[in-house]
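Undergrad:
In my numbering, the protein residues as written are 59 to 770.
Right, here's the structure in full:
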């Protein structure tokens with residue numbers, strides 16, 4: 059509903075701007091009508107244009123009213139205070155000022171005789187500035203409101219919102235003064251017989267060029283300033299910048315490079331003793347498992363024969379699946395053979411110590427060609443995870459620097475021990491389409507009837523909410539983001555599973571004596587998936603085009619959790635997701651914002667170890683954002699005011715759709731400097747990233763133009 063209302067608002071404002079300007083042009087021409095008959099006909103047409111303009115304004119205003127009724131004030135406060143008045147108030151003046159003037163003119167007896175010349179007083183009335191200016195005000199008001207839609211002052215800041223209003227007021231003053239001068243000319247011309255001619259075409263052309271030049275010059279100033287001030291700093295200290303302590307205090311931004319430690323030293327409460335992320339390492343005991351992953355460029359071939367120029371771990375796509383046991387100490391050495399952009403390994407969803415998190419410029423330096431880096435951690439969570447680079451991650455992940463990580467139970471129950479366990483890692487390759495691993499067709503798997511089956515769905519795509527359907531058997535969603543659900547119920551075969559970027563579902567079922575098909579994508583005419591059958595043969599069951607969509611909010615049975623919606627929280631944050639037009643690193647594009655800012659000006663959420671933290675996430679934008687907090691799993695408390703009352707829903711990559719409001723909570727029990735960003739990496743790369751920072755934690759690493767570290 060929210061996306062529909064925003065679409066109506068934006069379309070209505072654009073239509074209002076167009077109709078208002080055209081109505082203004084018609085109102086302008088009234089004074090130049092060559093005869094009473096022409097003036098009467100133009101006046102009647104203007105009434106029709108006024109009604110059409112009013113309908114557009116009503117649609118824009120009505121969409122705002124609907125938002126105010128259905129959504130939280132964060133969605134509509136700026137719209138009620140800015141956009142709706144800019145759409146409605148000028149039309150109010152049209153009906154109170156322009157329309158009465160117009161109706162008096164149309165009732166003038168002098169217009170009843172088509173052959174009679176237009177009376178001087180009537181021609182002067184047609185040129186009064188109040189007649190046409192109100193229509194111009196409506197058009198420019200709609201454009202100003204549209205600007206606010208694209209550049210919302212959120213969190214609402216009256217000072218920030220004032221500048222466009224002042225520009226609007228100045229433009230209207232100039233337009234009114236121009237119409238006033240024209241009215242004076244009309245008054246002087248009224249003493250002479252004949253029509254009041256419009257200026258010659260060349261004069262109007264010169265005037266138009268002058269206005270256009272003035273607009274371009276005025277626009278050039280903020281555009282030039284934006285382009286010159288937007289490049290990222292040469293060096294960025296991730297612990298610098300604005301800070302939100304979750305208690306209603308937001309510290310102003312300070313120089314990127316001064317660091318969080320310097321900021322704390324200047325405050326009365328310096329908090330915990332200082333510790334570097336480099337010291338927040340994994341265990342130094344002898345590892346139970348050792349792996350080496352080599353980042354290298356490789357031409358790889360999909361099952362169909364299509365080739366991909368990929369960046370790989372160990373020369374394959376995806377990288378090798380790492381399977382370990384719960385409680386094991388794992389050591390992974392990353393070697394970079396020839397990936398010039400550099401590489402790291404981030405363990406997505408596994409809450410490792412901060413130094414092992416694999417984020418260039420935050421927890422380590424990027425590993426460049428010829429270099430190596432060793433990660434060590436204890437696998438304390440059972441479930442489905444994945445790993446990928448966090449250095450130039452949009453390009454690196456898109457080109458293949460990722461793989462799966464599975465932590466198996468140390469002592470599985472008998473049914474779990476005999477599961478047929480299949481990892482389904484989907485990815486969209488440039489120029490090659492979607493594939494499951496290296497397969498871009500249908501894989502056939504032989505599974506004996508009665509065998510428990512676990513499908514580990516991992517969506518690695520950038521900005522794709524991937525769709526999966528299991529056809530031929532009922533099934534359960536046994537885990538979300540690596541965490542088991544409590545008593546998950548049966549879902550009918552064909553139920554649509556929509557998985558956000560970076561998210562994971564574990565799907566379980568018992569193999570029947572007939573084929574079962576897991577389909578992926580469902581693009582027209584495509585067949586991509588896994589066909590499971592007792593003998594490896596059989597026809598692919600048809601997948602329904604409609605059907606229900608899985609929703610975790612009420613799925614499964616409640617269970618005890620360490621905290622909940624009624625807990626006493628130590629810190630409470632609000633994270634507002636939105637979009638705006640602007641410059642980022644010297645380029646003008648659509649930006650995706652966190653609390654109105656893009657990195658490095660996004661506020662860091664400050665916590666202390668042991669804090670119980672609640673965050674309200676609000677998506678005011680037009681696209682979904684899978685928000686990924688490193689180092690922690692969050693408990694979903696509610697969505698859009700509706701409590702999560704099924705199985706406890708723990709997530710590390712939460713898909714926040716347009717209009718959604720989520721309440722989530724977590725315990726701050728993993729000290730460090732942790733990225734919190736949109737996992738649509740195209741959004742993160744233009745600044746949709748921030749940090750969760752523990753007081754007292756510093757980092758010796760930096761990002762920026764003059765460093766080798768580029769985490770997004």
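Where is the CB? At the ideal position from N, CA and C, for every residue including glycine.
DSSP three-state label for residue 159, please.
TA: helix
Undergrad: Can you tell me whether residue 466 sits near the ligand GTP, meaning its C-beta is under 7 Å from at least one heavy atom of the ligand?
TA: What this structure holds is no ligand at all, so the ligand GTP is not there to describe.
Undergrad: For the segment 73-81 against the segment 193-201, do three or more pairs of beta-carbon atoms, one drawn from each stretch, fall closer than 8 Å, so that the two count as touching?
TA: yes
Undergrad: What does DSSP give as the partner residues of residue 748 in its beta bridges?
TA: 734
Undergrad: Would you say the segment 522-532 touches the segment 552-559, given that touching needs at least three Cβ pairs under 8 Å?
TA: yes
Undergrad: Let me know if residue 224 comes out buried or exposed under the rule of 16 or more other beta-carbons within 10 Å of its beta-carbon.
TA: exposed
Undergrad: Can you tell me where the beta strand (DSSP E) holding residue 348 begins and where it ends?
TA: 347-359
Undergrad: Can you tell me whether residue 237 is helix, strand or coil according to DSSP?
TA: helix
Undergrad: For residue 553, name the three-state secondary structure that DSSP assigns.
TA: coil
Undergrad: Give the list of continuous beta strand (DSSP E) stretches no shorter than 3 residues that lie fully inside the segment 678-709.
TA: 683-687 and 692-697
Undergrad: By how many angstroms is the C-alpha of residue 637 removed from the C-alpha of residue 702?
TA: Their Cα atoms are separated by approximately 28 Å.
Undergrad: DSSP three-state call for residue 764: helix, strand or coil?
TA: coil
Undergrad: Mapping DSSP to helix, strand and coil, what is residue 204?
TA: helix
Undergrad: Can you name, in chain order, every residue of its own chain whose Cβ lies under 8 Å from the Cβ of residue 518, other than the five neighbours on each side?
TA: 376, 444, 446, 455, 460, 483, 484, 485, 559 and 560
Undergrad: By Cβ distance below 6 Å, which residues in the same chain neighbour residue 544 in space, the five residues on each side in sequence not counted?
TA: 614, 615, 617 and 705
Undergrad: Would you list the one or two residues that DSSP bridges to residue 630?
TA: 672
Undergrad: How about residue 211 and residue 203: do their beta carbons lie closer than 8 Å?
TA: no
Undergrad: Provide the residue span of the beta strand (DSSP E) that contains residue 516, from first to last.
TA: Per DSSP, residue 516 belongs to the beta strand (DSSP E) from 510-517.
Undergrad: Return the chain-ordered list of same chain residues with a C-beta closer than 7 Å to the C-beta of residue 714, the five sequence neighbours on each side being excluded.
TA: 635, 675, 677, 682, 683, 685 and 720
Undergrad: Unbroken alpha helix (DSSP H) runs of length 4 or more, entirely within the segment 469-515: which are they?
TA: Restricting attention to alpha helix (DSSP H) runs no shorter than 4 residues, the segment 469-515 encloses them at 472-475, ordered along the chain.
Undergrad: Below 8 Å on the Cβ atoms is my guess for residue 690 versus residue 728; work out the distance and round it to an integer in Å.
TA: 6 Å
Undergrad: Please report how far the alpha carbon of residue 96 lies from the alpha carbon of residue 90, in whole angstroms.
TA: 10 Å
Undergrad: Between the segment 751-766 and the segment 416-423, do at least 3 Cβ pairs fall closer than 8 Å?
TA: Here the segment 751-766 makes contact with the segment 416-423; the two share three or more CB pairs at distances below 8 Å.
Undergrad: Return the Cβ separation of residue 339 and residue 434 in integer angstroms, given the expectation that the two are a contact with Cβ distance under 8 Å.
TA: 7 Å
Undergrad: Where do the ends of the alpha helix (DSSP H) carrying residue 134 lie?
TA: 131-136
Undergrad: For a test of the three-state rule: what should DSSP assign to residue 538, helix, strand or coil?
TA: strand
Undergrad: What is the DSSP secondary structure of residue 521, counted as helix, strand or coil?
TA: Coil at residue 521, not helix or strand.
Undergrad: What are the complete beta strand (DSSP E) segments, minimum 3 residues, inside the segment 424-451?
TA: 430-436 and 441-446
Undergrad: Identify, in the order they occur along the chain, each residue of the same chain with its Cβ nearer than 8 Å to the Cβ of residue 370, setting aside the five sequence neighbours on each side.
TA: Result list for residue 370: 353, 354, 355, 356, 358, 377, 458 and 459, in chain order.
Undergrad: Taking DSSP as the reference, what is the three-state secondary structure of residue 456?
TA: helix
Undergrad: Using the C-alpha atoms, what's the distance from residue 113 back to residue 151?
TA: 15 Å
Undergrad: In angstroms, rounded to a whole number, what distance separates the CA positions of residue 179 and residue 274?
TA: 38 Å
Undergrad: Which residue's Cα is closest to the Cα of residue 118: 239, 70 and 305?
TA: 70
Undergrad: Answer yes or no: do residue 392 and residue 452 have a C-beta to C-beta separation smaller than 8 Å?
TA: No, the pair does not count as a contact, with Cβ atoms beyond the cut-off.
Undergrad: Below 8 Å between beta carbons: does that hold for residue 463 and residue 515?
TA: no
Undergrad: Find the nearest neighbour of residue 547 within the set 414, 554, 536 and 541, judged by alpha-carbon distance.
TA: 536
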